[in-house]
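Residue numbers (the working numbering), protein chains in the order written: chain A, 1 to 257; chain B, 1 to 395. All residues carry an ideal CB built from backbone N, CA and C; glycine is no exception. Note that the structure is a prediction, hence the values are computed from the model and not measured. Reading through the structure tokens given below for one structure.
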């Protein structure tokens, strides 16, 4: 304990900003409003961790010495949890089993199990996003099919002329499919760029709203690959369907005769 | 005449029209879902907060009810002050905690609420009766199932642990007198309620004269915000939250969903708009000769515009009911996903159907249909008749 008997604390940067506090300032801590409390000196300002489970909570964080907090809130010789470092996975399994065999009123959990439990909210959000994604894909597929149909329909006369010149139906289908694939690739490239920009804006906005370094939106190689592949498959399928419809129509009918 | 022409134009390319309707229907479904998401969550929470008739809630300073384990000290004198106010009709203090029941296989832990059964607003009795004695509890279905117990059974439960004696603290024999449905608990959360003094006695000296929360019911016609301000001034150690304030806090925490709903709703509208614009523009371009002929024989520009607007609006209107039905089905599915959020009360609906949501979606779609017709209408209304006829004749 320092000579002046004022103990040190660390506060988070959000509290420091809002309350205009700096390292070295002395504050009074109390467990309830109106109580006398204890004096403490700010020894550090810590950056908030990028913890998803805390993101929507606008709480401030103050870190105290264990005994200091126990004194302050009248908690006695109690703690809420321990963290135990073990030597490897088998040692963890052994420690969890031994503690739980003799524990009464508490349980030992693996850190990864706790991580799974605390991230349950985000697992739900992820499922929700996937469901929305499926609806978006259905809408995009219909949109793409419709556009390809219109695009191919626009070229009825060209296709009729090609057919009358002796170009085979499979060649025409290949040509249309190739064109559809090119459109899909071009659209995907534009889409990835728009996505990257949107993602940057989303991060900028939510990081400022929730005052956290957490990244809300990430575009990974897997996501780009999935989006481009889907777009390509949908584009080719839409082009193929539209081309099939066109080559099955007699050339003179395509001319409107 | 106008309707016939518009219908004939749409039916000329059935596949194209059917695809456009399907596309707009999916967009409409998404739009409806997003309108439901943006307003439903808030409305559902508001209904939940007001369902028991309490307009104000008192929580430890700086917290929301049951957001932390903090409690309010000196509760009895504070409650007396609140009850003495002329506009206060009833006050329901609540103490939160846990009950632990030893079974042959494991210890079953449940959330516990200590309250005054005659004025409480935390549970609804499904069967049996309210606790009337210190050793009586009501429990929800999840807890009774876990314990294999029924109304009338007697249980041994404690409110904490004493690790040194390896025994439950505040051990007591409790009799189940009712089956309850807890208003603010999650679907599978185990819950029990008993008299507040009984729970506090089980929790020990640390819980004496403390509460976690108090709910206040005001007299009819009382000014809620004025009463909130008065109680805030009277009780500096608590946060007084009105329903409006609670909704504001919820709005802040769930702003992500509202913003997502706004973005996806806007994207759905744009997709529907683009689809209809493209389709109607191509359709108009294909029959530009027909339109020129109609203009040449004296059909007024306004009639041409009206026909094109009608085509676009018809696509939107036909797609809307399909989209509405599709939207309700998808909303139910999406709601079932979000309902599994840990800790969300069972009664909260993220996607709440309200007639206003359907009307809003329909209005936006019709507006989009009309806007989608602006460009093709302008093209057809402003085309040079003679030049177009000559080009069409020459091919």
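Output needed for residue i: all residues of its chain with C-beta closer than 6 angstroms, excluding positions within five of it in sequence on either side, in chain order.
i, result
"residue 249 (chain A)", "none"
"residue 86 (chain A)", "92, 95"
"residue 158 (chain B)", "100, 168, 169, 170, 171"
"residue 264 (chain B)", "34"
"residue 215 (chain B)", "54, 57, 92, 121"
"residue 323 (chain B)", "25, 28, 29"
"residue 239 (chain A)", "148, 176, 177, 180"
How many Å lie between residue i and residue j at the Cα?
i, j, result
"residue 145 (chain A)", "residue 281 (chain B)", "17 angstroms"
"residue 205 (chain B)", "residue 197 (chain B)", "12 angstroms"
"residue 236 (chain B)", "residue 194 (chain B)", "29 angstroms"
"residue 186 (chain B)", "residue 125 (chain B)", "17 angstroms"
"residue 342 (chain B)", "residue 136 (chain B)", "29 angstroms"
"residue 337 (chain B)", "residue 174 (chain A)", "42 angstroms"
"residue 78 (chain B)", "residue 223 (chain B)", "21 angstroms"
"residue 331 (chain B)", "residue 256 (chain B)", "18 angstroms"
"residue 132 (chain A)", "residue 258 (chain B)", "15 angstroms"
"residue 189 (chain A)", "residue 29 (chain B)", "28 angstroms"
"residue 381 (chain B)", "residue 237 (chain A)", "37 angstroms"
"residue 7 (chain A)", "residue 204 (chain A)", "37 angstroms"
"residue 277 (chain B)", "residue 271 (chain B)", "10 angstroms"
"residue 339 (chain B)", "residue 125 (chain A)", "11 angstroms"
"residue 319 (chain B)", "residue 18 (chain B)", "9 angstroms"
"residue 328 (chain B)", "residue 34 (chain A)", "52 angstroms"
"residue 84 (chain B)", "residue 90 (chain B)", "10 angstroms"
Below 8 angstroms CB to CB, which residues in the same chain sit around residue i once its five sequence neighbours on both sides are set aside?
i, result
"residue 72 (chain A)", "29, 30, 31, 37, 38, 64"
"residue 48 (chain B)", "183, 184, 345, 347, 348"
"residue 18 (chain A)", "60"
"residue 286 (chain B)", "none"
"residue 44 (chain B)", "347, 348, 349, 350, 352"
"residue 335 (chain B)", "349, 350, 351"
Who are residue i's beta bridge partners in DSSP?
i, result
"residue 169 (chain B)", "B:160"
"residue 241 (chain B)", "B:57"
"residue 39 (chain A)", "A:28"
"residue 450 (chain B)", "For residue 450 (chain B) there is no data in the structure shown, the boundaries of chain B being 1 and 395."
"residue 179 (chain A)", "Answer by DSSP bridge pairing: none, since residue 179 (chain A) is not bridged."
Against residue i, what residues of chain C qualify as contacts under a CB-to-CB distance less than 7 angstroms, listed in chain order?
i, result
"residue 57 (chain B)", "Given the protein chain composition of this structure (A and B), no chain C is represented."
CB-CB under 7 angstroms to residue i, same chain, minus the five flanking residues each way: which ones, in chain order?
i, result
"residue 61 (chain B)", "237, 238, 239"
"residue 122 (chain B)", "94, 113, 115, 182, 183, 184, 193"
"residue 130 (chain B)", "117, 138, 178"
"residue 253 (chain A)", "none"
"residue 224 (chain A)", "192"
"residue 37 (chain B)", "257, 261, 350, 351"
"residue 230 (chain A)", "137"
"residue 51 (chain B)", "183"
"residue 202 (chain A)", "216, 217"
Is residue i buried or exposed, if buried means 16 or more other CB atoms sit within 10 Å of its CB?
i, result
"residue 244 (chain B)", "exposed"
"residue 215 (chain A)", "exposed"
"residue 89 (chain A)", "exposed"
"residue 34 (chain B)", "buried"
"residue 57 (chain B)", "buried"
"residue 333 (chain B)", "exposed"
"residue 122 (chain A)", "exposed"
"residue 308 (chain B)", "buried"
"residue 234 (chain B)", "exposed"
"residue 245 (chain A)", "exposed"
"residue 154 (chain B)", "exposed"
"residue 160 (chain A)", "buried"
"residue 297 (chain B)", "exposed"
"residue 9 (chain A)", "buried"
"residue 5 (chain A)", "exposed"
"residue 40 (chain B)", "buried"
"residue 262 (chain A)", "Outside the displayed span of chain A (1 to 257) sits residue 262 (chain A), for which this structure offers no information."
"residue 203 (chain B)", "buried"
"residue 102 (chain A)", "exposed"
"residue 258 (chain A)", "No answer is possible for residue 258 (chain A): it lies beyond the span of chain A, which begins at 1 and ends at 257."
"residue 139 (chain A)", "buried"
"residue 310 (chain B)", "buried"
"residue 246 (chain B)", "buried"
"residue 387 (chain B)", "exposed"
"residue 143 (chain A)", "buried"
| request: May I ask you to verify whether the stretch 41 to 51 of chain A touches the stretch 74 to 93 of chain A, counting CB pairs closer than 8 angstroms and requiring at least 3? | output: no
| Between the stretch 374 to 384 of chain B and the stretch 164 to 184 of chain A, do three or more beta carbon pairs fall short of 8 angstroms? | no
| request: Decide if the stretch 306 to 320 of chain B is in contact with the stretch 61 to 74 of chain B; the criterion is three or more beta carbon pairs, one per stretch, under 8 angstroms apart. | output: no
| said: For the pair the stretch 352 to 359 of chain B and the stretch 155 to 167 of chain A, tell me if three or more CB-CB distances fall below 8 angstroms. | reply: no
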